[in-house]
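Quick notes on the structure that follows.
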Ligand SMILES: CC(C)(COP(=O)(O)OP(=O)(O)OC[C@H]1O[C@@H](n2cnc3c(N)ncnc32)[C@H](O)[C@@H]1OP(=O)(O)O)[C@@H](O)C(=O)NCCC(=O)NCCS
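In this note's numbering, the protein residues as written are 12 to 185.
Listed below in structure tokens is the structure:
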């Protein structure tokens, strides 16, 4: 596979079966594709990107609204999850291209932050840091180094701390 031939673009209606398949094969189960389906139906503000190689969907990434509520205000950013690349296309840079395109697109939408729960070896290369250094924690009991945040707007995020929450569908759709 030649990475330069991989095109990353927004999801279209005809991509839905391919997105299901990529998630199912990458995770070895249907749970993640179910969450993607539920969020697509219930939430207008998702960003769903596909990686296409020679007309086939080989990767997918989803961002959905995530919020940090404090006494006086709630700040809404995005949560990255899930992300999936077909097993035979992994470790070739497709995931990196999906994450970078997503970050670029969300920055343009003036999204203040992106959270992710994932491999601490993978996401720091994109600028994600342990959320706890900003006094931001996950709603779930997860290892400290696995819950990360990328601050895209320092001004909007000044003084923001507390519990960051993904959409409830992540729990309800399981
Ligand atoms: C995680 C995933 C999306 C990464 O996509 P990818 O196209 O393989 O990633 P890239 O090729 O851009 O990046 C490869 C790099 O990520 C690292 N990497 C990939 N998957 C990793 C994992 N599960 N754990 C740790 N590191 C991982 C590799 O070591 C490699 O690092 P290197 O470039 O320094 O060698 C893909 O491996 C996948 O679909 N995994 C199964 C589903 C999953 O776990 N999704 C993430 C949780 S939502």
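Beta carbons: idealized from backbone N, C-alpha and C, even for Gly. Nothing here was measured: the structure is a model prediction, and the numbers come from that model.
- Ordered by chain, the residues meeting the criterion of a beta-carbon within less than 6 angstroms of a non-hydrogen atom of ligand 1 are 37, 38, 92, 93, 94, 95, 96, 101, 102, 103, 104, 105, 106, 107, 129, 130, 132 and 133.
- For residue 81, the closest alpha carbon among the candidates 176, 182, 21 and 183 is that of 176.
- In the same chain as residue 61, and ignoring 5 residues on each side of it, the C-beta atoms closer than 6 angstroms to its own belong to 22, 26, 68 and 71, in chain order.
- The C-alpha of residue 58 is placed about 15 angstroms away from the C-alpha of residue 123.
- Looking at the DSSP output, residue 94 bridges to 72.
- About 6 angstroms separates the CB atoms of residue 147 and residue 172; that is less than 8 angstroms, so the two are in contact.
- Ranked by Cα distance from residue 183, the options 50, 96 and 132 are led by 50.
- By the Cβ rule, the stretch 132 to 141 does not count as touching the stretch 36 to 56, because fewer than three pairs are nearer than 8 angstroms.
- Per the Cβ contact rule, the stretch 147 to 162 is not in contact with the stretch 98 to 111 (fewer than 3 Cβ pairs under 8 angstroms).
- Checking the DSSP bridge columns, you'll see residue 20 partnered with 61.
- Classified as buried, residue 94 has 16 or more neighbouring CB atoms from the shown chains inside 10 Å of its CB.
- Linking residue 79 to residue 24 through their CA atoms gives a straight-line distance of about 31 angstroms.
- Considered as a whole, the stretch 126 to 184 harbours 147 to 149, 158 to 162 and 173 to 176 as its complete beta strand (DSSP E) runs of no fewer than 3 residues, in chain order.
- Between the C-alpha atoms of residue 155 and residue 63 there is a straight-line separation of about 34 angstroms.
- In this structure, residue 160 lies near residue 139, with their beta-carbon atoms less than 8 angstroms apart.
- Remark: C-beta atoms of residue 75 and residue 90 approach each other more closely than 8 angstroms.
- With distances taken between CA atoms, residue 180 lies nearest to 44 out of 40, 105, 44 and 19.
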